[in-house]
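J.: Pasting a structure here, questions to come.
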Amino acid sequence: MTSAQAIDKLERDGHGAYVESYDPDAQRMTLNMGPVHPATHGVLRLLLELDGETVMKCEPIIGYLHTGMEKECEDQNWRQAVTIVTRMDYLAQFSNELVYSRAVDRLLDIDVPPRGRYIRVLMSELNRLSSHLVWYGTQGLDMGAMSALFYGFREREVIQDFNEMVTGLRMNNGYIIPGGVWEDLPDGWEPAVESILALMSRRIEEYEELLTFNPVFLERTRGVGVISKEVALALGASGPIARASGIDLDLRRDAPYEVYDKLTFDVPTLTEGDVYARYQVRMIEMRESLKILRQVVDGMPGGDYKNMDPKLTPPPRSELNRSMEAVIHHFKLMTQGYTVPEGEVYEAVESPRGELGCYTVSSGGTAPHRVHVRDPSFANLQLLPPAAIGGLVADLIAVIASLDPIMGGVDR
Amino acid sequence: MAVARERLSPDEILERVERVLDDKITASRLNFGQADVTCEPDRLVDVVTALRDHEDTRTIFFTFLSAIDRSTFGNEESEGRGELEVLVHLYSPELVFHVNVHVPLPMDSPTCASISGVFRGAEWHERETHEMFGIAFEGHPGLTNLYLPEDFEGRPLLKSFRLPGRFVKDWPGAKDPEEAAGGGRG
Numbered sequence: 026m027t028s029a030q031a032i033d034k035l036e037r038d039g040h041g042a043y044v045e046s047y048d049p050d051a052q053r054m055t056l057n058m059g060p061v062h063p064a065t066h067g068v069l070r071l072l073l074e075l076d077g078e079t080v081m082k083c084e085p086i087i088g089y090l091h092t093g094m095e096k097e098c099e100d101q102n103w104r105q106a107v108t109i110v111t112r113m114d115y116l117a118q119f120s121n122e123l124v125y126s127r128a129v130d131r132l133l134d135i136d137v138p139p140r141g142r143y144i145r146v147l148m149s150e151l152n153r154l155s156s157h158l159v160w161y162g163t164q165g166l167d168m169g170a171m172s173a174l175f176y177g178f179r180e181r182e183v184i185q186d187f188n189e190m191v192t193g194l195r196m197n198n199g200y201i202i203p204g205g206v207w208e209d210l211p212d213g214w215e216p217a218v219e220s221i222l223a224l225m226s227r228r229i230e231e232y233e234e235l236l237t238f239n240p241v242f243l244e245r246t247r248g249v250g251v252i253s254k255e256v257a258l259a260l261g262a263s264g265p266i267a268r269a270s271g272i273d274l275d276l277r278r279d280a281p282y283e284v285y286d287k288l289t290f291d292v293p294t295l296t297e298g299d300v301y302a303r304y305q306v307r308m309i310e311m312r313e314s315l316k317i318l319r320q321v322v323d324g325m326p327g328g329d330y331k332n333m334d335p336k337l338t339p340p341p342r343s344e345l346n347r348s349m350e351a352v353i354h355h356f357k358l359m360t361q362g363y364t365v366p367e368g369e370v371y372e373a374v375e376s377p378r379g380e381l382g383c384y385t386v387s388s389g390g391t392a393p394h395r396v397h398v399r400d401p402s403f404a405n406l407q408l409l410p411p412a413a414i415g416g417l418v419a420d421l422i423a424v425i426a427s428l429d430p431i432m433g434g435v436d437r
Numbered sequence: 166m167a168v169a170r171e172r173l174s175p176d177e178i179l180e181r182v183e184r185v186l187d188d189k190i191t192a193s194r195l196n197f198g199q200a201d202v203t204c205e206p207d208r209l210v211d212v213v214t215a216l217r218d219h220e221d222t223r224t225i226f227f228t229f230l231s232a233i234d235r236s237t238f239g240n241e242e243s244e245g246r247g248e249l250e251v252l253v254h255l256y257s258p259e260l261v262f263h264v265n266v267h268v269p270l271p272m273d274s275p276t277c278a279s280i281s282g283v284f285r286g287a288e289w290h291e292r293e294t295h296e297m298f299g300i301a302f303e304g305h306p307g308l309t310n311l312y313l314p315e316d317f318e319g320r321p322l323l324k325s326f327r328l329p330g331r332f333v334k335d336w337p338g339a340k341d342p343e344e345a346a347g348g349g350r351g
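Here it is as C-alpha cells:
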C-alpha cells in the first residue's frame, strides 16, 4: 500500500476535509471544540461531526495565533530577527534560535567557538527536557491524572530558573545568536546543572511509577489514535510522533550539528504508533537528554563563547571608553547591524517536536529577504484527522495531547 | 526503516539528482551541500515523483513547500532577482541529503501544479502559500485560506504588501529651526 492510499481510505467532504464516510444528509451533531478549550492546548479549533460519541469528521481550524512573524523578520536586522523566531514555538525557544542562528552562521561563513557550540547544545537539551515536562503534565491531566501536571510543572520551574539565571529571561530568551551565544554562562552554572541532572533522574522514575503501568492510563492510551508508518510519512511527521510509528529519524544522529557528533545517545524507535508509544518514546528521550547533558557538562571547553569578529559582535563595554574604533563598530552594529552576503540556505535541527527547519534568503542587506520556518507542530497537526476519526471524543483528547502541538509554532 | 545510512559526497548527490531528473529540470547546482534544481511549473509533479520513487534518491520525507518573492531582491543586477518562486524541499532519510526544487512563476496570476497527490502533507503548506502569495495550486482538494479570515484582502508575504505599522510618515513639524515660526525661538 502506498502512503497516499492509506489516507485515501478516509473520504472527503465538499471542502476537502477528511471524513469517515461522506453523507451530507446524515443526522450528525456538529460540534465546535475550541478555540478556547483546555484540552486543545492553545487556540486550536476543531470542527467535529459526531455520531453519538464517535468522531466522524475532524477538521482542525488554525490561525487564531497568526501574527505574521515571517513577515516581521523581513523588517528586522539579522540580530533582531532572533527575538522574533524565539516566539514561534515558545516551548522550544532555544531550538528556534539555534536553527535560525545556524542558518545565518552558514550564510556568513563564520566559525562558532567550541564553547559556544557546547552552550548551544546545553541549552537546547535542557529545553527538550522542559518541553517534554509540559507535554507530560498535560498528557497526564487530559487523562485525568491531575498530579502529573503538578509534577511536570514543578520540575519545569527548576529548568526555567536556570534559563533565567543564564539569560535573564524565562521564556523568549533571544540567547543563541548568529556567531555563538549572547553571554557566557554565569558563575555557578555547573552546580545548577548538576542538581537538575540529579533531580531529574530521580523524578523521571517517579513519573514512570505514576503513569507507565497505571491501568487507567494504559486503558486510555494503548491502541488509541494509531498512526501508521505510511500515514506519518505521507503527512511529513517527524520527531517523537514519527519515531513512535516506526520511522527511525533523528537529525541529531543522522545529520549531526553543533557537537552532537561527539556525543553518544540512543534514538528510541517504536512501531505501535499509538498514544502509548508516543508516551514511551518521549519518556526514553528525557533519559537520553540527561545522558547528553552529562557529557556536555563534562566536556564543556573554555575559551570564547561567540565569534569575536568586531564586525559581528559589539565590543565589550570597557573598550568603549578607550578606543574610537570600538565606538564606531558599536554604533554601526546598533544602528544598522551587519550585512550578510547574498545567498540562501536551509538548516534543520531536531526540536522537541521534530524537524525544525529554517530557509533563510539573504539579498546582501542588513535584514533577511525571507525567513521561512518549517515548524514540526504544523506538519504534525495534520495527523490529527487520520488519528482521531473513527475513535471516541475522549480518545481525541488523548490524541491531541500526544501530538503535543504548540500553536505558536503552528500559526507563526 | 532502521537502515545503514550511506554517506554521499555533495558531488555524488548532485550527480544522482541530475541523473534521476534528466530533462525534467532546467538548471541544477550545489548550494551549501544541498542539491538545488529548477523546473517548470507543469513538470513539478514529475520531478517530486521521480525523486521520491527512484532507487538512487529516495527522498521520501516531505519537509516543506513555500514561496519566495524575489521582485525586490538586491538590485537590478542581482542573480537572485526574479519574480515569484515556489520552493519545495525534500529529504532522503536513508541517503541523508536534501533537495530544493525551485519553480519560477510570473507575478501576475501565478499557477503551479499541486503536489498534494504525491505528498499528502503538502496540502496545508499549499493552502498557506496560496493565501500568503496568491499562488493557485491546480489539483488541490480544497484551496481555502488556512490562517487568514476569508474576507482578508491582500497577500501578506508579497513584498508589495506593506505592514501598516511600517509606513514612514513625514515629521509633522519643521525640520530646521529657521523654518519654524519665530525662527525656532517661539
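Respectively, the protein sequence lines represent chains W and H.
Here the first sequence stands for residues 26 to 437, where the numbers follow our numbering.
Here the second sequence stands for residues 166 to 351, where the numbers follow our numbering.
Using N, Cα and C, we set each Cβ at its ideal position, and we do this for glycine too.
From this set, A423/W, L417/W, Q105/W and L408/W, which residue's C-alpha is nearest P85/W's C-alpha?
T.: Closest by alpha carbon: L408/W.
J.: For V396/W, which of helix, strand or coil comes out of DSSP?
T.: It is a strand residue.
J.: With 16 other CB atoms within 10 Å as the buried threshold, where does L216/H fall?
T.: So L216/H ends up on the buried side.
J.: Which whole-angstrom value is the C-beta distance of D167/W and A426/W, which I expect to be below 8 Å?
T.: Yes, D167/W and A426/W are in contact; Cβ-Cβ is about 4 Å, under 8 Å.
J.: Please identify the residue among P377/W, A257/W, E95/W and I221/W whose C-alpha is closest to the C-alpha of H440/W.
T.: Because chain W spans 26 through 437 in this model, residue 440/W falls outside it and cannot be assessed.
J.: So, is M26/W buried or exposed, given that buried needs 16 or more other C-beta atoms within 10 angstroms?
T.: Here the model assigns M26/W a pLDDT of 39, short of 50, so the residue's position is not dependable, and the following value carries that caveat. By the neighbour-count rule (16 or more Cβ atoms within 10 Å), M26/W is not buried but exposed.
J.: For G389/W and chain H, any beta-carbon pair shorter than 7 Å?
T.: Yes, G389/W counts as interfacial toward chain H.
J.: So for N188/W, helix, strand or coil by DSSP?
T.: Looking at N188/W - three-state DSSP - the assignment turns out to be helix.
J.: Classify L56/W: buried if its beta carbon has 16 or more other beta carbons within 10 angstroms, exposed otherwise.
T.: By the neighbour-count rule (16 or more Cβ atoms within 10 Å), L56/W is not buried but exposed.
J.: Got a sec? Which residues, its chain only, sit under 7 Å from K334/H by beta carbon, not counting five neighbours each side?
T.: Once the five neighbours on either side are set aside, K334/H has no close Cβ partner at all.
J.: Can you give, in chain order, each stretch of the alpha helix (DSSP H) that sits fully within the region 163–225 of chain W and has at least 4 residues?
T.: Segments of the alpha helix (DSSP H) lying fully in the region 163–225 of chain W: 171–192.
J.: Going along the chain, which residues of the region 233–258 of chain H sit with their C-beta nearer than 9 Å to a C-beta in chain B?
T.: The structure shown has no chain B; the protein chains it does contain are W and H.
J.: My understanding is that V321/W touches L147/W, with C-beta atoms under 8 Å, so please give their C-beta distance in whole angstroms.
T.: The Cβ separation is near 5 Å, so the contact holds.
J.: Return the Cβ separation of L260/W and R246/H in integer angstroms, given the expectation that the two are a contact with Cβ distance under 8 Å.
T.: Incorrect: roughly 35 Å between the Cβ atoms, too far for contact.
J.: M58/W by DSSP, collapsed to three states: which one?
T.: Residue state, collapsed to three classes: strand.
J.: How about the region 325–332 of chain W and the region 280–295 of chain W: do they share at least three Cβ pairs that are nearer than 8 Å?
T.: Verdict: no, contact absent.
J.: Would DSSP call V435/W helix, strand or coil?
T.: Here V435/W sits in helix by DSSP.
J.: In this structure, how does DSSP classify L428/W when only helix, strand and coil are distinguished?
T.: The answer is helix: DSSP assigns L428/W an H, G or I state.
J.: If you run the structure through DSSP and keep just helix, strand and coil, what is S28/W?
T.: Here S28/W scores only 44 on pLDDT, less than 50, and its place in the model should not be relied on; the value that follows carries that caveat. Reduced to three states, the DSSP call for S28/W is helix.
J.: Could you give the residue range of the alpha helix (DSSP H) that holds C83/W?
T.: It is not in any alpha helix (DSSP H) - C83/W instead sits in the beta strand (DSSP E) that spans T79 to I86.
J.: Spatial neighbours of P525/W within its chain, please: C-beta separation below 8 Å, excluding the five flanking residues on both sides.
T.: What the structure shows of chain W is the stretch from 26 to 437, and residue 525/W is not part of that stretch, so it cannot be assessed.
J.: Per DSSP, which residues does P269/H bridge with? Please list them.
T.: Answer by DSSP bridge pairing, in chain order: E250/H.
J.: Mapping the DSSP letters down to three states, classify G379/W as helix, strand or coil.
T.: Looking at G379/W - three-state DSSP - the assignment turns out to be strand.
J.: Smallest Cα separation from L116/W: which of D323/W, R228/W, P401/W and E208/W?
T.: Comparing Cα-Cα distances from L116/W to each of D323/W, R228/W, P401/W and E208/W, the minimum goes to P401/W.
J.: A423/W and V300/W - do their beta-carbons sit closer together than 7 Å?
T.: Result yes, Cβ atoms of V300/W and A423/W sit closer than 7 Å.
J.: Can you say whether L151/W is buried or exposed, counting buried as having 16 or more other CB atoms within 10 angstroms of its CB?
T.: Label assigned to L151/W: buried.
J.: Which same chain residues, not among the five before or five after I272/W, have their C-beta less than 7 Å away from its C-beta?
T.: So the list reads K254, A257 and L258, once near-sequence residues are dropped.
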